[in-house]
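**Q** Sequential numbering of the sequence shown, starting at 1, is according to UniProt numbering. By construction, the Cβ of each residue, glycine as well, lies at the ideal position given by its N, Cα and C atoms. Please read these numbers as outputs of a predicted model, since none were measured by experiment.
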Amino acid sequence: MSYYQRHIFFCLNQREGEAACADHDAQAAFDRCKQRVKAAGLAGPGGVRVNKAGCLDRCAGGPVAVVYPEGVWYSFVDASDIDEIVEQHLGQGQVVERLVLPPEVGR
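(1) Rounded C-beta distance between Leu12 and Gln27? I'm assuming under 8 Å.
(2) For Arg6, count neighbouring Cβ atoms within 10 angstroms of its own Cβ and tell me buried if that reaches 16, exposed if not.
(3) Please classify Gly44 as buried or exposed, where buried requires at least 16 neighbouring CB atoms within 10 angstroms.
(4) Between Asp78, Pro69, Val77 and Asp57, which lies nearest to Gln94 when the distance is taken from Cα to Cα?
(5) DSSP three-state call for Val86: helix, strand or coil?
(6) Is Val37 near Leu99, with beta carbons less than 8 Å apart?
(7) Mind checking Asp81: buried by the 16 CB within 10 Å criterion, or exposed?
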């Protein structure tokens, strides 16, 4: 069994002169996710870990986050999207289909 049940990484990369997740409030989404995971009692070993990441190379769909071990990629717009990911996927193991980033979206 893994140390964490689920691990979510948020791209917080910034690029000069190019679109990047940091330009779309990715830091605020990361902060919101950490707060919501902790408030839900999901944080810590055997639970959920929320981490920052550098470029995840899916800039065209940004901002993005990826949840492991499932390998589900999400794009999000606002705090309610983050809340839904925390409650539904991180908390219950159900993918939030409406926020899944299509596989063909890259850089």
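**A** Working from what's here:
(1) Counted from its first residue, the sequence shown places residue 12 at position 12. Counted from its first residue, the sequence shown places residue 27 at position 27. Indeed they touch by this definition, with Cβ atoms about 6 Å apart.
(2) As a first step, residue 6 is located in the sequence shown; it is residue number 6 there, counting from the start. Arg6 should be labelled buried.
(3) Here the question's residue 44 lines up with position 44 in the sequence shown. Exposed.
(4) As a working mapping, residue 94 is identified with position 94 in the sequence shown. Of the listed residues, the one whose Cα sits closest to Gln94 is Pro69.
(5) Along the sequence shown, read from residue 1 onward, the residue named residue 86 stands at position 86. In this structure, Val86 counts as helix in the three-state DSSP scheme.
(6) By one-based count along the sequence shown, residue 37 stands at place 37. By one-based count along the sequence shown, residue 99 stands at place 99. Cβ distance not < 8 Å, so Val37 and Leu99 don't count as in contact.
(7) The sequence position of residue 81 within the sequence shown is 81, counting from 1. It counts as buried.
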